[in-house]
């Protein structure tokens, strides 16, 4: 750690308070959380403690032999570490020795009678998504003090601090919107932020991208997302069944039929969900499932919606026509209680997300809800844009899409893409505002025709067809939906 780094004082102190109370402390979190860095910070902050780092990842020795070289022999139940000061053995990458169940049982459960009180252990382990990765030993469940994923997350202030370090983003690349997007996309995961910083700098150095627009285009592209394997795993076929993929996708888009989660999971689904959760891909709050970060979502959309298209549409309007025609009329119908009801925005979000994936290639990354990071105009209070749905397609296409229902604040939505608007930094080559409307006859009404607007009219109670007005076209188009 010769470069500037976060001090993580609160986290270090939490670890210290745990280690002076017990013989074993478990650090258990996804890859890239900062566990190894925490061990280094702990040793530096507390020189009064004798800290011995032991890396299981780099050793060819079995766990028992490796630990015995530091004075603890679990087979002989003996410890020859001198007394006089507290000694902490910091076992890192312990997931590499999960299969040695006898070792862990003897060390954690069987050492109370012979391990001296001045010897303590920090057990650091990473959750992997890969299906062949063994589960953590049962003995770990008896460890009372644990630091998990949420403990390791950095807050926005710490993320800003990282970006402004000497080894953070170069000063000339610290564009306001870019910084906000990076912090939002990583959502507190320090490993994602570090990779983001390095990738942005390398792109700047190699390609010469210097404007905020160019850097955002790269950061929101598939080329960048593929660099995140270290944080989110390299296994894109777990869980493998279409039913599991469909279930998780509906959960992630808040389909009310899949909530609360605990009542919907089969045994296989629960196993798959638990693995995704431990690996830091998804989280559960109040029975609702979310991706742990927007970046994790971008990384897994390719897997979550495997039926991708063979080529990208030649125009944004072509894409919208195909997407609307692929939406499920029966799903829209099931989303309302009475015939005079109209689906809410979340329903259209789910439908649109899955059908966007069907009509774009696997290299086209779909970024939802980017609206939440962009600043409000000068002189106006900062607000969080809840309930509004935005999609940004890939750094190469640079297409922006916003959905709304019944014309809600459509003027405000359109102004966001204009020069000086909230989304101007994206430099969208094309954008469209899609306004879903319903009326008793299902006819098109006299709405304003603008190049960046698509208005979609449904007959209440019948979602089999819709009438669409694309841009400034005088004639409407009739589109039939999938059943």
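Numbering (UniProt numbering), first residue to last: 1 to 483.
Don't be surprised by glycine CBs; every beta carbon is placed ideally from N, CA and C.
Distance, residue 194 Cα to residue 183 Cα = A straight line joining the alpha-carbon of residue 183 with that of residue 194 spans about 11 Å.
Alpha-carbon spacing of residue 151 relative to residue 394, whole angstroms = So the two alpha carbons sit approximately 32 Å from each other.
Limits of the beta strand (DSSP E) - the one that residue 92 falls within = Where residue 92 is concerned, the enclosing beta strand (DSSP E) stretches over 87-92.
Inter-stretch contact at 8 Å, needing at least 3 Cβ pairs: the region 109-118 / the region 209-223 | Contact fails: fewer than three Cβ-Cβ distances are below 8 Å.
Bridge partners of residue 408, per DSSP?
-> Looking at the DSSP output, residue 408 sits in no beta bridge, so it has no partner there.
Identify which residue in 89, 348, 289, 448 has its Cα closest to the Cα of residue 118.
-> Relative to residue 118, the option among 89, 348, 289, 448 whose CA is nearest is 89.
Any idea what DSSP makes of residue 206, helix, strand or coil?
-> Residue 206 sits in a helix when the DSSP states are folded into three classes.
Keeping to the same chain, check which residues put their C-beta closer than 6 Å to that of residue 97; ignore five residues upstream and five downstream.
-> Around residue 97: 56, 63.
Quick one: using the 10 Å Cβ neighbour count with 16 as the cut-off for buried, is residue 135 buried or exposed?
-> Exposed is the call here.
Starting from the N-terminal side, write out each stretch of the beta strand (DSSP E) that is 3 residues or longer and does not extend beyond the UniProt domain "AAA+ ATPase" (21-149).
-> Segments of the beta strand (DSSP E) lying fully in the UniProt domain "AAA+ ATPase" (21-149): 24-30, 50-55, 87-92, 119-127, 145-147.
How would you call residue 287, buried or exposed, if buried means at least 16 neighbouring beta carbons within 10 angstroms?
-> Flag for residue 287 reads exposed.
Check whether the Cβ atoms of residue 316 and residue 432 lie closer than 7 Å to each other.
-> The answer is yes: Cβ separation under 7 Å.
Status (buried if at least 16 other CB within 10 Å, exposed otherwise) for residue 75 | By the neighbour-count definition (other C-beta atoms within 10 Å, threshold 16), residue 75 is an exposed residue.
Between the Cα of residue 11 and the Cα atoms of 268, 363, 155, which residue gives the shortest distance?
-> Ranked by Cα distance from residue 11, the first of 268, 363, 155 is 155.
Do the region 221-229 and the region 273-285 make contact, defined as three or more Cβ pairs closer than 8 Å?
-> No, the region 221-229 is not in contact with the region 273-285.
Assigned secondary structure, residue 464 (DSSP; H/G/I helix, E/B strand, else coil) = Residue 464: strand per DSSP, three-state reduction.
Rounded to whole angstroms, what's the CA-CA distance from residue 428 to residue 482? Just pull it up for me.
-> One alpha carbon belongs to residue 428, the other to residue 482, and they sit about 30 Å apart.
Would you identify the three-state DSSP class for residue 187, choosing helix, strand or coil?
-> Coil, per DSSP.
Is residue 484 near residue 6, with beta carbons less than 7 Å apart?
-> The structure shown does not extend to residue 484, since the chain is modelled only from 1 through 483, so no value can be given for it.
Please state whether DSSP places residue 281 in a helix, a strand or coil.
-> It is coil, neither helix nor strand.
On the three-pair Cβ rule with 8 Å, is the region 334-344 touching the region 419-428?
-> Too few Cβ pairs lie closer than 8 Å, so no.
From this set, 159, 365, 300, 401, which residue's C-alpha is nearest residue 485's C-alpha?
-> Since the displayed the chain opens at 1 and closes at 483, residue 485 lies outside it and no answer follows.
Below 7 Å CB to CB, which residues in the same chain sit around residue 18 once its five sequence neighbours on both sides are set aside?
-> Cβ neighbours of residue 18 beyond the five flanking positions: 25, 145.
Excluding the five sequence neighbours on either side, which residues of its own chain have a C-beta within less than 6 Å of the C-beta of residue 13, listed in chain order?
-> Closer than 6 Å at the Cβ level, and outside the excluded window around residue 13, lies no residue.
Measure the C-alpha to C-alpha separation of residue 384 and residue 369 and round it to an integer number of angstroms.
-> The predicted model places residue 384 with a pLDDT of 38, which falls under 50 and marks its position as unreliable; any figure quoted below should be read in that light. Cα to Cα, the separation comes out at about 11 Å.
Give every residue of the same chain whose Cβ lies closer than 7 Å to the Cβ of residue 298, excluding the five residues on either side of it in the sequence, and list them in chain order.
-> The residues are 225, 365, 367.
Leaving aside the five residues before and after residue 71 along the sequence, list all residues of the same chain whose C-beta is less than 7 Å from its C-beta, in chain order.
-> So the list reads 79, 80, 81, once near-sequence residues are dropped.
So, is residue 44 buried or exposed, given that buried needs 16 or more other C-beta atoms within 10 angstroms?
-> In this structure residue 44 is exposed. Its beta-carbon is surrounded by fewer than 16 other beta-carbon atoms within 10 angstroms.
Mind checking which residues open and close the beta strand (DSSP E) that includes residue 454?
-> Unbroken beta strand (DSSP E) run through residue 454: 453-459.
Identify whether residue 480 lies in helix, strand or coil by the three-state DSSP scheme.
-> Of the three classes helix, strand and coil, the one that applies to residue 480 here is strand, per DSSP.
Where does residue 19 sit, in a helix, a strand or coil, going by DSSP?
-> DSSP, read as helix, strand or coil, puts residue 19 in helix.
Nearest CA to the CA of residue 469: which residue from 479, 230, 149, 425?
-> Nearest C-alpha to residue 469 among 479, 230, 149, 425: 479.
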